[in-house]
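2 protein chains.
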Amino acid sequence: MSEKNIIDAWGDLDITDYDHLFKQFGMKKFEDLDISNHHIFKRKLIIAHRDFDRIKDSIVNKKRFAQITGIASSGQMHFGHKLDVDFFMEFKKLGALSKFIVADIDAYLSRPDSKVPDMKKAKEVAVENVMDLLALGISKDDIFVQSRMCPEYFQLSFECSKKITENQFKGIYGHINPGKLGAVLLQLSDILFVQSDQVFGKCPTITGIGLEQDPHARAVRNVSKMINYDFTVPSFFYFTHQAGLKEGKKMSASTPDTAILLSDSDKDVKKKINRAFTGGRETAEEQREIGGNSAVCKVYEMQKFHNPSDAELSEIDAKCKSGEMLCGECKKKCIDYLHGFLGEHRTKRESFKSDAEKMVYGK
Amino acid sequence: MSEKNIIDAWGDLDITDYDHLFKQFGMKKFEDLDISNHHIFKRKLIIAHRDFDRIKDSIVNKKRFAQITGIASSGQMHFGHKLDVDFFMEFKKLGALSKFIVADIDAYLSRPDSKVPDMKKAKEVAVENVMDLLALGISKDDIFVQSRMCPEYFQLSFECSKKITENQFKGIYGHINPGKLGAVLLQLSDILFVQSDQVFGKCPTITGIGLEQDPHARAVRNVSKMINYDFTVPSFFYFTHQAGLKEGKKMSASTPDTAILLSDSDKDVKKKINRAFTGGRETAEEQREIGGNSAVCKVYEMQKFHNPSDAELSEIDAKCKSGEMLCGECKKKCIDYLHGFLGEHRTKRESFKSDAEKMVYGK
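If you want it as structure tokens, here you go:
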């Protein structure tokens, strides 16, 4: 069984396996939940970390540190992506020098031509993504469009190619398709380049990823030690993915029914939430009697990941479990929340269209 | 037997094999020797071509065309490299839009760390190479340093990665080492990017290479048809390599005794030519009687490749074959020629040092 297969955590990994994974791969359980009061910390969405200690030290003692995250999307951003942005905004508040990369070349390379046929399409998607990022509150200065990076960034990505052997690459990724290798070289530079003289210089860096992306994290940490630069080994935290709206499905912009897109209309939102998988029972009578199962409910999960009100979340959970509130009413609450959020977001994102175009096309 | 092995022409390929190679690989014999009066054309140093017809058409009918060549060197330039420059200068005279790339990242990636340990070394070498190129008469505007290319150049190199499969790459190069793949991606963009809007736009392009580099030429011609750009398929001409000074040895900057470097001192030149492999006989008597063998002589080859005087060349050949001139005298002629050439070159190249540093480091 390859390492890649052992860590493939798209929602299917049972929490009881973690201790074993931590032991085998050297991750540690994330226990610094008190580093922030934001609900994404309090609700334990971060599971594990590598070298978070130096980030905590930087935050507590107000030392320089940087965060780097990004998106290589083949389409519109959804609420799963919003979680990355929420973490990004919060680490920025905690003092991080910040870089959010919109990885248009990576998106083109790592997707089949049927999804992203050319860089023209990748850049159109990048414009949409930048509009969302700006509307979610990320500063223009913190957004880097990959296809417009400086030569030193690209040089570093090529330098990384000399620091991975064919066997290492296959061990990590299972194959060595040239396009996929190209995407990986860019990803390595995305994370390492923030420590270059052209960006923030040497400092601890933090990147949040899903557990299934740990092979990438290990690759970049290895390369950081081998490359001819004086870099601090990058730190990572691992968060739980928000699942898709259907039973057992990953959220994905390319199967739209599984995800609420940040560009969805009110009508789309209503339709998708009403069709979402819930913890409801066979009949209304049964549910009034024994209560719903919020633990498996995708509507509840949406509230848990995104609704900042602890009071509302507790109330929903309690009323669900007691059978006081049935799925119809609960879905309506969620739809109302999303309509409110997206109504505002929709207006904001449109206002950033020309800014986003300038950032992607340079004119 | 892989294609790579079939075409491995470092001096060992007998001219009688060419017809077979031409038939198998679709190259054509180069017959447009009258396109220029320069001695490198008249002396038949070009053997074969792919699609030279459209270049000839551009020259004859004064249409736009471009040439792209370059150097990815691990050390000082030698007289083998000078031949590339001679072709470059001549095609420039024939009307080519011209780009000479100093491929410092490629040099770092395609050489072991023992030769080029880091980009610092690669850039030091690049400075030395640029000094030589400027001293040989190439215009500053025609020299492009790879590590300082624009983002669109690097984007194109990554786009190329999606247009080669693992099997194609292995078929062409025999393996798929990530660093080597990185170097190939840069080489593809080196040749194709001249047709981008950022450089000369779509036009026929010509690149001169050794026969053994034909796998690269086929790769770039394939990719030019698959990539999402409107490119003319690049043309190539194939020239004979100047052999090293030792018997059967390739000229190489990393085994200095095989090559005269453009930075060699007069003393070095004298020593190397005096130790060169010649077509001399066992004894002076024998040589006076039956004459020398200029066809295998590395000193004669140096004259043939670089001395522009047809009269001097014919005289050397005739006097050698008749036994009138022995190797000592002939070597002295060659040393005198090289001392004259390099004396002037040495002064010029030093005068370009600060220009070269600016071009490589950007300051």
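Heads up: the sequence lines are chains A and B, in that order.
For the first sequence, my numbering assigns the number 1 to the initial residue and increments by one for each residue that follows.
For the second sequence, my numbering assigns the number 1 to the initial residue and increments by one for each residue that follows.
Backbone N, C-alpha and C define an ideal beta-carbon position, used for all residues, glycine too.
Listed along chain A are 175, 176, 177 and 178, each with a C-beta nearer than 8 angstroms to that of residue 166 of chain B. Taking a C-beta distance under 9 angstroms as the contact criterion, residue 218 of chain A and residue 164 of chain A do not qualify as a contact pair.
The beta carbon of residue 195 of chain B sits no closer than 9 angstroms to any beta carbon of chain A.
In the three-state reduction of the DSSP assignment, residue 288 of chain B falls in the helix class. Listed along chain B, the residues sitting closer than 9 angstroms to residue 154 of chain A by beta-carbon distance are 105, 147, 149, 151, 153, 154, 155, 157 and 158. At least 9 angstroms separates the CB of residue 115 of chain A from every CB of chain B.
Residue 235 of chain B is bridged by DSSP to B:206.
By the neighbour-count definition (other C-beta atoms within 10 Å, threshold 16), residue 29 of chain B is an exposed residue. Taking the beta carbon of residue 161 of chain B as reference, the chain A residues within 7 angstroms of it are 109, 178, 179, 181 and 182, listed in sequence order. Looking at the DSSP output, residue 49 of chain A shares a beta bridge with A:28 and A:237. By the Cβ-count criterion, residue 226 of chain A is exposed, with fewer than 16 other Cβ atoms from all chains shown falling within 10 Å of its own Cβ. Scanning its chain for C-beta atoms nearer than 7 angstroms, with the 5 sequence neighbours on each side dropped, one finds no residue around residue 155 of chain B. Contact of residue 119 of chain B with chain A by beta-carbon distance below 8 angstroms involves 155, 159 and 228.
In the DSSP assignment, residue 78 of chain B forms a beta bridge with B:261. At a cut-off of 9 angstroms between C-beta atoms, residue 169 of chain A counts as an interface residue with respect to chain B.
Excluding sequence positions up to five before and after residue 70 of chain A, its CB lies within less than 7 angstroms of the CB of 100, 101, 102, 103 and 190, all in the same chain and listed in chain order.
The C-beta of residue 185 of chain A comes closer than 9 angstroms to at least one C-beta of chain B. In the structure shown, residue 70 of chain A falls within a strand segment according to DSSP collapsed to helix, strand and coil.
Within its own chain, the residues whose Cβ lies closer than 7 angstroms to the Cβ of residue 313 of chain A, once the five positions on either side in sequence are excluded, are 303, 304 and 307, listed in chain order.
For the pair residue 315 of chain B and residue 159 of chain B, the Cα-to-Cα distance works out to about 54 angstroms. Under the DSSP definition of a beta bridge, residue 98 of chain B partners with B:67. Residue environment: residue 24 of chain A is assigned as exposed (fewer than 16 neighbouring CB atoms within 10 Å of its CB, all protein chains considered).
Residue 243 of chain B sits close to residue 301 of chain B, with the two beta carbons spaced by under 9 angstroms.
Within the same chain, Cβ atoms closer than 8 angstroms to the Cβ of residue 251 of chain A are found at 78, 79, 80, 241, 242, 243, 244, 245, 258 and 259, the five residues on either side in sequence being excluded. Going by beta carbons, residue 206 of chain A and residue 238 of chain A fall outside the 9 angstroms limit. Cα atoms of residue 142 of chain B and residue 125 of chain B: separation of roughly 19 angstroms, rounded to the nearest angstrom. Beta bridge pairing from DSSP links residue 164 of chain A with no other residue. A distance below 7 angstroms between beta-carbons, with the five flanking residues on each side excluded, links residue 356 of chain B to the following residues of its chain, in chain order: 127, 130, 131 and 134. Residue 204 of chain A and residue 58 of chain A do touch by the CB rule: their CB atoms are close to 6 angstroms apart, below 8 angstroms. Excluding five sequence positions before and after residue 327 of chain A, the CB atoms of its chain that fall closer than 6 angstroms to its own CB belong to 278 and 280, given in chain order. Contact holds between the stretch 336-346 of chain A and the stretch 261-271 of chain A, because three or more Cβ pairs, one in each stretch, are under 8 angstroms apart. Residue 85 of chain B has its alpha-carbon roughly 8 angstroms from the corresponding atom of residue 136 of chain B. Looking at the DSSP output, residue 145 of chain B shares a beta bridge with B:102. Closest by C-alpha distance to residue 91 of chain B, out of B:40, B:338, B:349 and B:286, is B:40.
DSSP, read as helix, strand or coil, puts residue 276 of chain B in coil.
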